[in-house]
Every structure is written in C-alpha cells, then in structure tokens.
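Shown next, in structure tokens, is the structure this report addresses.
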Amino acid sequence: MRLRERALFIADAHLSVNRDRWRAHAMVMFGHLGNVAAVSARNARLSNLLNALRTPVADNALSAWGELGYAISPWMGWTATPASSAPSTR
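Letter by letter, the sequence shown follows residues 20 to 109 of the numbering used here.
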C-alpha cells in the first residue's frame, strides 16, 4: 500500500545527546492524511454555532524542535546536578 492510499501515517524521530556539560535534544515529526477531501467535507457539515470559518484539512504536516544546553553549575559554585543548572535555548 502506497503512502497516498493510507488513511493516516505518522512518523517521528527523537535525539538526545549528553556530552560532559553539553546536552542537546531534538525531535522531528511527519504526518500524512490520505483522505483529506472527505475529512474537509465532513468538517464543513458539522454544526457551527460560533460562525467560525472552516479551513480545509491539510494532507501533510511537519514539526521540528531542538534544544541546546550547557551546565553552568561549576562556574556558579553550585553543587547541584548539571540538570538543575543548565540554561538552554530552543
């Protein structure tokens, strides 16, 4: 069965790296919905008491996230674990 024929396909990958005081985490996710026309048509027929505009359903979705951190506890003189004193950026 090809990807286009499937009703729903979701795949994700995660990465976690801890090296000395450095730490990095990342995630990527992909999703595909095969029958978007049917789902969009069904959504258009749902009751709409708020008069909100209905947008069509997308057939593909992609999400990515990452974070990088460095433990600063030795510089601050703290004896806490590196996980409790690692500023990070996303």
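Note that beta-carbon positions come from the ideal geometry of N, C-alpha and C, so glycine has one too. What you are looking at is a predicted structure, and each value in this text was computed from that prediction instead of being measured.
### Task
Could you spell out where the beta strand (DSSP E) holding Ala80 opens and where it closes?
Asn79 to Tyr89
### Nonlocal neighbours in the same chain, by C-beta distance under 6 Å from Ile29, ignoring five residues either side
Gly50
#### Entry: Residues sharing a beta bridge with Ser35, DSSP
His44
### Message
Within 10 Å of its beta-carbon, does Ala63 have 16 or more other beta-carbons around it, so buried, or fewer, so exposed?
### Response
exposed
### Task
Check each candidate in Val55, Ser92, His44 and Pro75 and name the one with the smallest Cα separation from Ala32.
His44
### Query
Nearest to Pro75 by CA position, among Trp41, Val55 and Val36, is which residue?
Val55
### Task
Pull up the DSSP beta-bridge partners for Gly50, would you.
Ile29 and Ala80
### Query
If you draw a straight line from the alpha carbon of Met20 to that of Leu81, how long is it in whole angstroms?
Confidence at Met20 is low in this model, with a pLDDT of 49, below 50, so its placement is unreliable and no value can be given for it.
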